[in-house]
Amino acid sequence: MATPTTDQGPVPTGTLTMYTTTWCGFCRRLKSQLARDGIEMVEVDIERDPAAADYVMSVNGGNQTVPTVVVDHPEIGRHVLTNPSAKEVKRLLGV
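Given below as structure tokens:
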């Protein structure tokens, strides 16, 4: 009799925060690509959170560019990415 396994592949090691807007197509695409791989994230709408909008502007040369993604990883530190690929985000998460 085979033993069931729950191994779904590598588990993300870091945390992911994605700054978005409701109308951003690039944000929707990245969210769906990461969700398809079971990657959870905290989503922050910069149009509803002025402090988040200020943060996004501070890391993007004064622009409210989304998606802005923050990956906090215990081994490699914090990385801020603007409009990254799903592959780049997964690499930083260790997936």
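Numbering-wise (this note's numbering), the sequence shown opens with residue 3 and increments by one.
For glycine and all other residues, C-beta sits at the position ideal for the given N, C-alpha and C.
Review point. CB-CB under 7 Å to Gln66, same chain, minus the five flanking residues each way: which ones, in chain order?
Key: Sequence index remark: in the sequence shown, residue 66 carries index 64 (1-based). Cβ within range, chain order: Ile48, Ala55, Val58, Met59.
Exercise for review: Assign Val71 to one of two classes, buried (16 or more other C-beta atoms within 10 Å of its C-beta) or exposed (fewer than that).
Suggested key: As a working note, residue 71 is residue 69 in the sequence shown. By the 10 Å Cβ count, Val71 comes out buried.
Point to revise | Residues bridged to Glu45 [DSSP beta-bridge criterion] | key: One-based indexing of the sequence shown puts residue 45 at position 43. DSSP lists Met20 as partners of Glu45.
Exercise for review: Report all residues from its chain with a CB closer than 6 Å to the CB of Val68; omit the five preceding and five following residues, and keep chain order.
Suggested key: If you number the sequence shown from 1, residue 68 lands on position 66. Closer than 6 Å at Cβ, skipping near neighbours: Tyr21, Thr22, Thr23, Cys26, Cys29.
Check your understanding: In three-state terms, what does DSSP make of Val71?
Key -> To locate residue 71, count along the sequence shown from 1; it is residue 69. Val71 falls in the strand class under three-state DSSP.
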